[in-house]
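**Q** Numbering (numbering that gives the first Met the number 0), first residue to last: 0 to 394.
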Amino acid sequence: MTGSKSYVADHVRVLPKSGIREFFAIVEQNPQAISLGVGEPDFVTPWSIREAAIFALERGKTTYTNNFGLLRLRKTFGEYLRGHFDLDYNPENEILVTVGVSEAMDLACRALLNPGDKVMYHEPCFVAYMPSIAMTHATPIAVPTSAKDDFALDPDVLAQYWQPGVKALIINFPTNPTGGVADLERLRKIAKFAIEKDLIVISDEVYAELTFDGEKHVSIATLPGMRERTIFLHGMSKAWAMTGFRLGYACGPKDIIDAMMKVHQYAMMCAPILSQEAAVEALKNCDAEVEKMRDSYQRRRDFIVRRFNEIGLPCHCPKATFYSFPNVSGFGMSERDFCIGLLNAENVAIVPGTAFGKVGAGFARASFSTSYERITTAMERIERHVGRLAAGKNA
0 MTGSKSYVAD HVRVLPKSGI REFFAIVEQN PQAISLGVGE PDFVTPWSIR
50 EAAIFALERG KTTYTNNFGL LRLRKTFGEY LRGHFDLDYN PENEILVTVG
100 VSEAMDLACR ALLNPGDKVM YHEPCFVAYM PSIAMTHATP IAVPTSAKDD
150 FALDPDVLAQ YWQPGVKALI INFPTNPTGG VADLERLRKI AKFAIEKDLI
200 VISDEVYAEL TFDGEKHVSI ATLPGMRERT IFLHGMSKAW AMTGFRLGYA
250 CGPKDIIDAM MKVHQYAMMC APILSQEAAV EALKNCDAEV EKMRDSYQRR
300 RDFIVRRFNE IGLPCHCPKA TFYSFPNVSG FGMSERDFCI GLLNAENVAI
350 VPGTAFGKVG AGFARASFST SYERITTAME RIERHVGRLA AGKNA
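#1: If contact is defined by three or more beta carbon pairs under 8 Å, each pair taking one atom from either stretch, is the region 44-56 in contact with the region 237-251?
#2: With three or more C-beta pairs closer than 8 Å as the rule, is the region 103-121 touching the region 256-272?
#3: How far does the beta strand (DSSP E) with residue 231 in it reach, from first residue to last?
#4: When DSSP builds the beta bridges, which residues end up paired with residue 117?
#5: Which of the three DSSP states, helix, strand or coil, is assigned to residue 321?
#6: Under 8 Å Cβ to Cβ from residue 313, same chain only, skipping five residues before and after it: list those, please.
#7: State whether the region 54-64 contacts the region 269-283, with contact taken as three or more CB pairs (one from each stretch) at a distance under 8 Å.
#8: Within 7 Å: the Cβ of residue 328 and any heavy atom of the ligand COA?
#9: What ranges does the alpha helix (DSSP H) occupy inside the region 1-66, keeping only unbroken runs of at least 4 residues that lie completely in it?
#10: Buried or exposed, going by whether 16 or more other CB atoms sit within 10 Å of the CB of residue 10?
#11: Three or more C-beta pairs under 8 Å: does that hold for the region 149-158 against the region 183-199?
#12: Just how far apart, CA to CA, sit residue 387 and residue 372?
#13: So for residue 312, helix, strand or coil by DSSP?
#14: Label residue 136 either buried or exposed according to how many other C-beta atoms from any shown protein chain fall within 10 Å of its C-beta, with 16 as the threshold for buried.
#15: Which residues bound the beta strand (DSSP E) around residue 221?
#16: Decide if the region 86-106 is in contact with the region 246-255; the criterion is three or more beta carbon pairs, one per stretch, under 8 Å apart.
#17: Rounded to the nearest angstrom, what separates residue 305 and residue 237 at their Cα positions?
#18: Go through its chain and collect everything with a Cβ distance to residue 133's Cβ below 7 Å, but skip five positions before and after it.
#19: From residue 351 to residue 391, what does the alpha carbon distance come to, in whole angstroms?
#20: Answer yes or no: do residue 206 and residue 354 have a C-beta to C-beta separation smaller than 8 Å?
#21: On the DSSP bridge list, what partners appear for residue 95?
#22: Since residue 358 and residue 122 are thought to touch, with beta carbons under 8 Å apart, how far apart are those beta carbons, to the nearest angstrom?
#23: Starting from residue 156, follow the beta strand (DSSP E) in both directions and report where the run begins and ends.
#24: Would you mind sorting residue 317 into buried or exposed? The rule is 16 or more other CB atoms within 10 Å of its CB.
#25: Should the region 201-220 be regarded as contacting the region 169-186, the criterion being three or more beta carbon pairs within less than 8 Å?
#26: Residues bridged to residue 201 by DSSP?
#27: Do residue 53 and residue 281 have their beta-carbon atoms positioned less than 8 Å apart in this structure?
#28: According to DSSP, which residues form a beta bridge with residue 122?
#29: Do residue 99 and residue 246 come within 8 Å of each other at the CB atom, strictly closer than that value?
#30: Could you give the first and the last residue of the continuous alpha helix (DSSP H) run that contains residue 133?
#31: Specify the secondary structure class of residue 210 as computed by DSSP and reduced to three states.
#32: Out of 28, 87, 323 and 143, state which residue places its alpha-carbon closest to the alpha-carbon of residue 229.
#33: In the DSSP assignment, find the beta strand (DSSP E) that holds residue 365 and state where it starts and stops.
#34: Could you give the distance in angstroms between the alpha-carbon of residue 384 and the alpha-carbon of residue 76?
#35: For residue 331, which of 181, 119, 214 and 360 has the nearest alpha-carbon?
#36: What is the DSSP secondary structure of residue 347, reduced to helix, strand or coil?
Here it is as structure tokens:
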């Protein structure tokens, strides 16, 4: 930079920083805090997965792979999707291995969108969706969801927010940060809308395995007329506790996946080979470990939701993920001030709901991906803090 001149591109300069990372820059100043904010499993990656990565390293698996990813892994993804999702993709040209689902989302946006295109997505949502759209010079259109509807996307509201020029719809079921899901009836209505408006649907389903109460996740790509207009995104981070492996994948029509691969080959070349080797083991042999982790999350969910409601912070019961989304608006302050006050007074970190879009105003995300014991302690501290706030309000 020379003088007051900025060389940063205008569309990047005006992007907000991640509300999650911004808040945790504050949290880092308090290392004693109990964090209910990070969207990361507290489980260590299952041993057989780690062992597969170690064994691959010992065998000298340290090279690039095909830009699409290891064919053995793509075939394994194909087998897994047929068995768990009733989806059928050709491993040769309809599956692309990526550096996490975040890269897959970025690739989808860059491969599909022209400047001036419009993209709909539902809020509250994962922090990367709006920036991924904006960085392609497309226009993001946020569609609100509400607590009274358990943050499920209302197809009628979706239709109300449609505008001429909309090319794509991003959906995320189960949803980060709310745990919202879409039942089959809603999915059918969303699919009907997408077909009528000739939309490409980018479906982020990374939390699919963490669906509770015995419910089976259904992908919109399985519905009639949707496979050919859906980009299915999934990854290993959440259900298999493999966040640091940074391994995701995208499935879809051959021409779209090929376009995404072109961007990927220039930006990333390929996903790390050790992560790809580990993912093969995870998909083939770790269903039991995933089930144990899911059952633990469900037990934690039942506890944290009950405690929030007992404390006086209304909280719907998320049907999936490892996030709760309580209402913290009852004390005459913003959700950010509530979270900062809680951190300062009780060393408990939760994330302001507005980190996930304007619709998150009045709410906060509290993850139950940490241990049951730490959640128990955190809820005792939150109850103490809420008690003080309530006493002050009524004084």
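In this text, a Cβ means the ideal position worked out from N, Cα and C, and glycines have one as well.
**A** Considering the structure as presented:
#1: The region 237-251 is in contact with the region 44-56.
#2: Touching, yes, given that three or more Cβ pairs across the two stretches are closer than 8 Å.
#3: 229-234
#4: 138 and 165
#5: coil
#6: 146, 307, 325 and 326
#7: yes
#8: In terms of ligand content, the structure shown is empty, and the ligand COA therefore cannot be addressed.
#9: 9-12, 18-26 and 46-57
#10: exposed
#11: yes
#12: If you take the alpha carbons of residue 387 and residue 372, they lie about 23 Å apart.
#13: If DSSP states are grouped into helix, strand and coil, residue 312 belongs with coil.
#14: exposed
#15: Where residue 221 is concerned, there is no enclosing beta strand (DSSP E), because DSSP gives it neither an H nor an E.
#16: yes
#17: 24 Å
#18: 10, 14 and 139
#19: 22 Å
#20: The beta carbons of residue 206 and residue 354 sit no closer together than 8 Å.
#21: According to the DSSP secondary-structure assignment, residue 95 is paired through a beta bridge with 249.
#22: 4 Å
#23: Here residue 156 belongs to no beta strand (DSSP E); instead the alpha helix (DSSP H) covers 154-160.
#24: buried
#25: Taking 8 Å as the limit for Cβ pairs, the verdict is that the region 169-186 does touch the region 201-220.
#26: 169 and 230
#27: Not closer than 8 Å, so no.
#28: 143
#29: yes
#30: 128-133
#31: strand
#32: 87
#33: 363-366
#34: 46 Å
#35: 360
#36: strand
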